[in-house]
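A.B. asks: Structure in structure tokens, see below.
In the working numbering, the protein residues as written are 4 to 590.
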């Protein structure tokens with residue numbers, strides 16, 4: 004027998020090329036182990052900050068700068084700009100698109116695998132071998148049945164039925180995640196409209212009263228100097244000191260209100276994504292007395308809380324999100340059960356081999372394979388129990404959320420009623436303080452009152468008027484909170500992708516219907532709201548349900564009281580100030 008070492012060379016000897024390859028591989032592995040954390044440098048951070056600052060005010064997709072706000076910004080246009088440019092809303096829209104793209108990817112997993120391969124085979128020596136018979140005799144001459152080099156190719160179609168079933172439920176889960184992303188976007192839109200409306204009315208208040216506040220502060224400082232002069236001249240010094248104290252308190256009060264409401268410009272600019280240099284230029288539409296422009300107090304008709312709760316259970320974004328999550332949990336249980344079953348793989352292929360020794364160089368193959376991990380029998384109860392636990396958890400979370408929404412509906416109803424009553428009181432207080440200020444001003448012209456009395460009463464009038472604007476903003480927020488809790492959309496997600504002019508017109512139309520209560524009436528009647536639905540314009544003006552600016556916000560009709568025999572629920576009160584982040588909250 005020939006020595007294989009002599010015939011074929013030493014099989015354990017490495018060529019120079021192999022040794023070089025091993026050395027390079029060893030060096031790469033060592034360098035990988037030597038990687039250390041590298042923080043960003045100051046130059047990199049500066050460059051990134053400059054690039055991001057430029058991107059802050061560039062419209063996504065177009066590469067163009069965001070157009071500045073119009074010369075006079077109306078509430079519908081403020082909402083439209085927020086829906087188009089607000090980054091929080093865009094994030095939710097992008098997440099929805101991402102989930103939709105993932106669904107398209109998951110659908111491809113339902114298809115069988117189709118694999119094409121091509122190979123070129125080459126070796127230095129023939130694949131020769133000697134044979135040994137069953138009698139122990141070995142042939143002396145080696146033989147081979149393949150060439151040193153030859154091409155081969157194949158096209159293989161395979162389908163695993165078990166994988167198809169799992170991919171089917173994965174795709175259904177992906178479809179539910181798209182719907183979850185859509186509901187989260189609806190919730191962001193609800194909150195965004197509520198925040199824009201709240202900030203808008205605070206800007207209206209500051210814009211309408213800014214000059215009066217400044218003039219009153221100037222008058223107060225003038226009277227303060229007169230009081231100090233009176234004290235120095237020892238003319239009724241105690242009375243002069245008391246006047247100084249009251250004047251200083253009034254100046255501090257007015258300056259505090261000025262600072263508080265001036266931040267509304269920044270809050271509104273953030274929501275509509277206005278550039279910093281545009282913040283001070285924001286002007287909002289505030290119809291003057293005598294013009295045809297009015298802004299109504301929202302009307303609300305009493306409905307049984309149980310009916311509103313049923314509506315919220317069907318349309319509230321949080322409820323729908325949990326419902327889809329429960330469905331995902333059920334599908335996860337079915338996937339776990341499928342994973343325990345044996346897998347059947349069907350395979351068919353077209354093969355080609357360029358070996359000249361073959362009789363047929365091209366042929367077809369097909370096979371059926373059954374595989375089953377027998378240990379799945381042992382882990383089956385545990386896996387099924389785990390999946391069912393997730394299903395029960397999702398169900399419990401859904402019930403807990405329904406309980407929370409049930410309370411939110413009752414709270415929103417009571418909140419709207421109480422803020423309406425609070426607005427009526429604020430309106431009455433403003434009218435009284437306004438009449439007092441008018442009387443003091445008239446008496447001052449005839450020398451019967453001092454300028455200090457005018458300062459006191461004017462400060463009280465401005466305070467009452469700002470209070471009324473503030474309560475009106477809270478009234479709008481309470482009304483929108485009620486509609487958002489029930490799940491009524493003033494701007495459905497499908498509407499936001501349209502032309503801004505069209506969106507603004509639709510938002511204005513829905514705001515009008517919202518204030519009249521038409522949206523709620525239509526939904527309570529069992530009718531859906533189409534995205535392009537147009538509501539009829541109001542033909543008459545109710546003097547008790549309008550707001551006149553700047554002379555005052557008109558008296559609102561008191562909301563319907565709870566009918567006799569109906570049980571009242573506790574209520575929360577809207578915060579008087581926006582917290583950091585700009586959201587109207589309950590406390």
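Note that CB positions come from ideal geometry on N, CA and C, so glycine has one too.
1) So, under 8 angstroms CB-CB, residue 169 and residue 393 are touching, yes? Tell me the CB distance rounded to an integer number of Å.
2) Run through DSSP, which three-state label would residue 331 get?
3) State the start and end residues of the unbroken beta strand (DSSP E) segment that holds residue 166.
4) What residues match up with residue 135 in a beta bridge as DSSP calls it?
5) Note down the Cα distance separating residue 391 from residue 336, rounded to an integer number of angstroms.
6) Which class does residue 253 belong to by DSSP, given the choice of helix, strand or coil?
7) Could you tell me whether the Cβ of residue 322 comes closer than 9 angstroms to any Cβ of chain B?
8) Return the chain-ordered list of same chain residues with a C-beta closer than 6 angstroms to the C-beta of residue 272, the five sequence neighbours on each side being excluded.
9) Can you round the beta-carbon distance between residue 96 and residue 188 to whole angstroms, since I take them to be within the 8 angstroms contact cut?
10) Tell whether a beta-carbon distance below 9 angstroms holds between residue 516 and residue 197.
11) Rounded to whole angstroms, what is the Cα-Cα separation between residue 223 and residue 270?
12) Give the straight-line distance between the Cα atoms of residue 490 and residue 520, rounded to the nearest whole angstrom.
13) Going by C-alpha to C-alpha distance, which of 495, 474, 443 sits closest to residue 420?
14) Please classify residue 435: is it buried, with 16 or more other beta-carbons within 10 angstroms of its beta-carbon, or exposed?
15) State the beta-bridge partners of residue 373 as determined by DSSP.
16) Check whether the region 501-517 touches the region 311-325, counting contact only when three or more Cβ pairs, one atom from each stretch, lie closer than 8 angstroms.
17) Given a cut-off of 9 angstroms, decide if residue 408 and residue 264 are closer than it, judged by their beta-carbon atoms.
18) Report yes if the C-beta distance between residue 85 and residue 276 is below 9 angstroms; otherwise report no.
19) Can you tell me the Cα-Cα spacing of residue 164 and residue 348, whole angstroms?
20) Express the C-alpha separation of residue 457 and residue 246 in angstroms, rounding to a whole number.
21) Report the rounded CA-to-CA distance for residue 2 versus residue 61, giving the unit in angstroms.
22) Comparing alpha-carbon positions, which option in 52, 526, 56 lies nearest residue 279?
23) Please classify residue 176 as buried or exposed, where buried requires at least 16 neighbouring CB atoms within 10 angstroms.
24) Shortest alpha-carbon distance to residue 209 belongs to which of 523, 307, 471, 498?
25) What are the start and end residues of each continuous beta strand (DSSP E) run of 3 or more residues lying completely inside the region 407-439, in chain order?
26) So residue 118 is in the beta strand (DSSP E); what residue range does that whole segment cover?
C.D. replies: With the given structure in hand:
1) The count along the chain shown starts at 1 and reaches residue 169 at position 166. The count along the chain shown starts at 1 and reaches residue 393 at position 390. Their Cβ separation, rounded to whole angstroms, is 16 angstroms, which puts residue 169 and residue 393 out of contact at 8 angstroms.
2) Taking the chain shown and counting its residues from 1, the one referred to as residue 331 is at position 328. Reduced to three states, the DSSP call for residue 331 is helix.
3) Translated into the one-based positions of the chain shown, residue 166 becomes position 163. Here residue 166 belongs to no beta strand (DSSP E); instead the alpha helix (DSSP H) covers 164-235.
4) Translated into the one-based positions of the chain shown, residue 135 becomes position 132. Note: residue 135 sits in a beta bridge opposite 141.
5) In the chain shown, counting from the first residue as 1, residue 391 sits at position 388. In the chain shown, counting from the first residue as 1, residue 336 sits at position 333. Whole-angstrom Cα-Cα distance: 6 angstroms.
6) On the chain shown, residue 253 is found 250 positions in, with the first residue counted as 1. Residue 253: helix per DSSP, three-state reduction.
7) Of the protein chains in this structure there is only one, and it is not chain B.
8) Stepping through the chain shown from its first residue, residue 272 is reached at position 269. Within the same chain, residue 272 has close Cβ partners 282.
9) Numbered from its first residue, the chain shown carries residue 96 at position 93. Numbered from its first residue, the chain shown carries residue 188 at position 185. Residue 188 and residue 96 do touch by the CB rule: their CB atoms are close to 6 angstroms apart, below 8 angstroms.
10) Indexing the chain shown from 1 puts residue 516 at position 513. Indexing the chain shown from 1 puts residue 197 at position 194. In this structure, residue 197 does not lie closer than 9 angstroms to residue 516 by Cβ.
11) Position 220 of the chain shown, counted from the first residue, corresponds to residue 223. Position 267 of the chain shown, counted from the first residue, corresponds to residue 270. Roughly 30 angstroms separates the two Cα atoms.
12) Here residue 490 is taken as the residue at index 487 of the chain shown, counted from 1. Here residue 520 is taken as the residue at index 517 of the chain shown, counted from 1. Residue 490 and residue 520: Cα-Cα distance of roughly 14 angstroms.
13) To locate residue 420, count along the chain shown from 1; it is residue 417. Nearest to residue 420 by alpha-carbon distance, out of 495, 474, 443, is 474.
14) On the chain shown, residue 435 is found 432 positions in, with the first residue counted as 1. Burial call: exposed.
15) As a first step, residue 373 is located in the chain shown; it is residue number 370 there, counting from the start. Residue 373 is bridged to 347.
16) no
17) Residue numbering aside, residue 264 sits at position 261 when the chain shown is read from its first letter. Residue numbering aside, residue 408 sits at position 405 when the chain shown is read from its first letter. Their beta carbons are not under 9 angstroms apart, which means residue 264 does not touch residue 408 by this criterion.
18) For the purposes of this step, residue 85 is taken as residue 82 along the chain shown, with counting starting at 1. For the purposes of this step, residue 276 is taken as residue 273 along the chain shown, with counting starting at 1. Against a cut-off of 9 angstroms, the Cβ pair of residue 276 and residue 85 comes out as a contact.
19) Taking the first residue of the chain shown as 1, we reach residue 164 at position 161. Taking the first residue of the chain shown as 1, we reach residue 348 at position 345. In this model, residue 164 and residue 348 are separated by some 6 angstroms (Cα to Cα).
20) On the chain shown, position 243 is the one that residue 246 refers to. On the chain shown, position 454 is the one that residue 457 refers to. In a straight line, the C-alpha of residue 246 is about 12 angstroms away from that of residue 457.
21) Any answer about residue 2 is impossible in this case: the structure gives the chain only from 4 up to 590.
22) Taking the chain shown and counting its residues from 1, the one referred to as residue 279 is at position 276. Answer by Cα proximity: 56.
23) By 1-based counting over the chain shown, the position of residue 176 is 173. Buried is the call here.
24) Locating residue 209 in the chain shown gives position 206, where the first residue counts as 1. Ranking 523, 307, 471, 498 by Cα distance to residue 209 puts 471 first.
25) none
26) In the chain shown, residue 118 corresponds to position 115, counting from 1. Per DSSP, residue 118 belongs to the beta strand (DSSP E) from 116-125.
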